[in-house]
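In full-length UniProt numbering, the protein residues as written are 1 to 650.
Beta carbons: idealized from backbone N, C-alpha and C, even for Gly.
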Ligand code: ATP
Ligand code: MG
């Protein structure tokens, strides 16, 4: 292997692993050569009411049509619960860890069955039937998973909206899919602070009504007991309703291609899209990736720290793990409450074996110092994972060495809301790791790098990342707007799914996501991924986080503008600015010399923790009057500080 940061598969990882390298290579070759045969076999990992006889029927051309297992019938909730009851009815399905460390709960598969059936019966009682859209605006509590599974039991389509979103953002999503029922809670609780979910819902319902969608029913789960407004007739308490219904509910027979859920993308690049996933292909794909990517073994305790409001929560807290009969941990709180050790404390408390989180959380915890990690044991860990953004090698090495004690493999998983499940990733016993690379494609996935005019590039290359053929977990359409689906994903490069991400493939065939294609900058004719410059900055020991954008530059075409957040205790100064410029030159070369460095106490992020470079670009261009859609921003106040201290005043 050519690069420096290589971590070979350790003997211990190989020993128990489900897949070794030879198996990976063989299965991968089979999967792309004969997808019908490969997925025909693995399609049977879920239970079917009516077995499928057709496997793949997909076209990326013309109107674009994607169908998998189309003549089969199944049910997602049946697969996630009922089929496990005989063997593991008394096994814990969900470990719930509350915001308060003294607050936790364990739910067995038998209990999950009863809860989900009751929830389904409550929804049914209020008129929900197959095909109806149910909006779920909830905190991270087990009832959220019950509500999701209850929808799938009835064949209703859920649209989960992240509990951190504003009334406006919620209203837009209610109206977009014309959802007339909302499931919410009185309040959420994060970091000790209540979040007024029901009050937000009330406001959102008024806004949605003006836009033309009238919400008829609000089912409210009691979480904190805090006071909320109440509209008699429209609002009902979940616990009152649940007491009136049976703990048994027959799962609907669903066609493979019946809609399962709508989920809006996180809005890093613009107006969120209503991504539609369907029943069988999605479930097959997420259960298979959950098993092999995390090297999941029966009995493992598995924890994904995402919120269920994001696709990661759908696929890898709820559906993938439960389809596999796993014990999945659901965490209500935040990484720094009551202390910066919380993640590691929870790992020790519940003996977590597999831990999956995001680079944004890792960088924040790295910034807080190693002490918070080192005082915990983390001995139970066997696999670490990351998702959401490119992970810079510095943070990767910290995760590997400090969190994993250099003994645990990291799976850097690349995927999107649109892809349903993980597409590019290492497999723990099979893949030698390189810090910062998502490494190789999962079974059945055909990545392709293309240049500006759509020509496919061979060998080591740098280009736009497309996927050349369909996989079962792929989104089927943009809800209610198939033209937008075709336009967004299949029109840039004819006959290919375009991801919007830039990517490099190295001589070993490893994939390195370089960020969004929109984020590539062109300095004096040299194309450069912003991720590369960011990694160089973060490798300086005083820097905790960095975001880099281009801005118009008279001589170079584009100049390099860096926003830099310092480690706790480090102070900004002119000297440090010079030092950072020199550091980037040393790490990458003179071509990457930063033109502007702005010290920023915080960066604008989406609620899922992704840096919104679109906003940073506007500020760097001194065009901050037109910041566009900021409704998915986590902390709007950050922007004011950035504008006030901009380095490019005209
Ligand atoms: P929108 O599409 O609305 O702009 P979004 O792209 O942020 O929002 P998601 O579907 O949540 O919405 O995120 C997918 C994107 O996240 C990918 O396209 C990629 O840019 C980034 N990403 C996810 N995982 C990784 C990873 N392991 N390495 C690099 N980038 C990643
Ligand atoms: Mg996207």
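Can you look up residue 514 in the DSSP assignment and give me helix, strand or coil? DSSP places residue 514 in strand when its eight states are reduced to three.
Pull up the distance between the alpha-carbon of residue 181 and that of residue 128, whole angstroms please. Whole-angstrom Cα-Cα distance: 8 Å.
Does DSSP put residue 522 in a helix, in a strand, or in coil? In the structure shown, residue 522 falls within a strand segment according to DSSP collapsed to helix, strand and coil.
Would you report the Cα separation of residue 83 and residue 218, rounded to the nearest angstrom? So the two alpha carbons sit approximately 31 Å from each other.
Check each candidate in 318, 327 and 305 and name the one with the smallest Cα separation from residue 652. Because residue 652 is not part of the residues shown, which for the chain are 1 to 650, the question remains open.
Out of 10, 61, 319 and 441, point me to the one whose CA is closest to residue 148's CA. The option with the nearest alpha carbon to residue 148 is 319.
Is the Cβ-Cβ distance between residue 617 and residue 551 less than 9 Å? The criterion of a C-beta distance shorter than 9 Å is satisfied by residue 617 and residue 551.
Cβ of residue 293 within 9 Å of Cβ of residue 442? In this structure, residue 442 lies closer than 9 Å to residue 293 by Cβ.
With a threshold of 7 Å on Cβ separation, who are the neighbours of residue 466 within its own chain once the five nearest residues in sequence on each side are excluded? Sequence-distant partners of residue 466 (beyond 5 residues in either direction) whose C-beta falls short of 7 Å from its own C-beta, in its chain, are 448, 450, 493, 496, 497, 498 and 499.
With a threshold of 8 Å (Cβ to nearest heavy atom), would residue 416 be considered close to the ligand ATP? For residue 416, the CB falls within less than 8 Å of some heavy atom of the ligand ATP.
Just how far apart, CA to CA, sit residue 430 and residue 410? Straight-line Cα distance between these residues: approximately 12 Å.
Determine the closest residue to residue 48 out of 622, 88, 61 and 252, with distance taken between C-alpha atoms. For residue 48, the nearest C-alpha among the options comes from 252.
I'd like to check one pair, residue 261 with residue 152: are the Cβ atoms closer than 9 Å? In contact: residue 152 and residue 261 (Cβ atoms closer than 9 Å).
Nearest neighbour of residue 222, chosen from 197, 479 and 256 [CA to CA]: Relative to the Cα of residue 222, the nearest Cα in the group 197, 479 and 256 belongs to 197.
Mind checking which residues open and close the alpha helix (DSSP H) that includes residue 283? Segment 280-293, the alpha helix (DSSP H) holding residue 283.
Alpha helix (DSSP H) runs contained entirely in the stretch 539-599, provided each spans 4 or more residues: Complete alpha helix (DSSP H) runs here, min 4: 574-587.
Who are the Cβ neighbours of residue 638 in its own chain at under 6 Å, not counting the five residues just before and after it? Exclusion of the five residues before and after residue 638 leaves 602 and 604 as the residues of its chain whose Cβ lies within less than 6 Å of its Cβ.
Candidates 630, 424 and 389: which alpha carbon is nearest residue 532's? It is 389 whose Cα lies nearest to the Cα of residue 532.
Residue 13 in three-state terms, based on DSSP: Secondary structure of residue 13 (DSSP, three-state): helix.
Residue 431 CB to nearest heavy atom of the ligand ATP below 8 Å: False, no ligand heavy atom lies under 8 Å from that Cβ.
What residues in its chain sit with their C-beta under 7 Å from that of residue 66, if we drop five residues either side in the sequence? If we look at residue 66 and ignore the five residues flanking it on each side, its Cβ neighbours are 58, 470, 474 and 476.
Extent of the continuous alpha helix (DSSP H) to which residue 330 belongs: In the DSSP assignment, residue 330 falls outside any alpha helix (DSSP H) and within the unbroken beta strand (DSSP E) covering 327-331.
Beta-bridge pairing of residue 386 - partner residues as DSSP gives them: Looking at the DSSP assignment, residue 386 forms a beta bridge with 357 and 412.
Within 9 Å, strictly: CB atoms of residue 647 and residue 597: Pairing residue 647 with residue 597 gives a Cβ-Cβ distance under 9 Å.
Is residue 439 a contact residue of the ligand ATP, with contact defined as CB to any heavy atom under 8 Å? In this structure, residue 439 has its beta carbon at no less than 8 Å from each heavy atom of the ligand ATP.
Thinking residue 511 and residue 439 are a contact (beta carbons under 8 Å), I'd like their distance in whole angstroms, please. Yes, residue 511 and residue 439 are in contact; Cβ-Cβ is about 7 Å, under 8 Å.
Nearer than 8 Å: is that true of the beta carbon of residue 265 relative to any heavy atom of the ligand MG? Short note on residue 265: C-beta closer than 8 Å to some heavy atom of the ligand MG.
When DSSP labels each residue in this structure, what does residue 259 get in the three-state scheme? Looking at residue 259 - three-state DSSP - the assignment turns out to be strand.
Alpha carbon to alpha carbon, how far is residue 295 from residue 14? Give it in angstroms, no decimals. About 10 Å.
For residue 479, tell me which candidate among 259, 583 and 515 has the shortest Cα-Cα distance. Per the C-alpha coordinates, the member of 259, 583 and 515 positioned closest to residue 479 is 259.
Pull up the distance between the alpha-carbon of residue 175 and that of residue 316, whole angstroms please. Cα to Cα, residue 175 sits roughly 27 Å from residue 316.
Could you check if residue 513 is buried or exposed, using at least 16 other CB atoms within 10 Å of its CB as the buried criterion? Taking a 10 Å sphere around the C-beta of residue 513, we find 16 or more other C-beta atoms and assign the residue as buried.
Does the contact criterion of 3 or more C-beta pairs under 8 Å hold for the stretch 390-399 versus the stretch 361-371? With three or more CB-CB distances shorter than 8 Å, the stretch 390-399 counts as touching the stretch 361-371.
Excluding the 5 residues flanking residue 7 on each side, which residues of the same chain have their C-beta closer than 6 Å to its C-beta? Only residues of its own chain outside the window of five on either side were considered, and among them 433 have a CB closer than 6 Å to the CB of residue 7, listed in chain order.
Between the alpha carbons of residue 37 and residue 31, how many angstroms are there, rounded? Between residue 37 and residue 31, the C-alpha separation is close to 8 Å.
For residue 73: DSSP bridge partner residues: In DSSP, residue 73 forms a bridge with 50 and 255.
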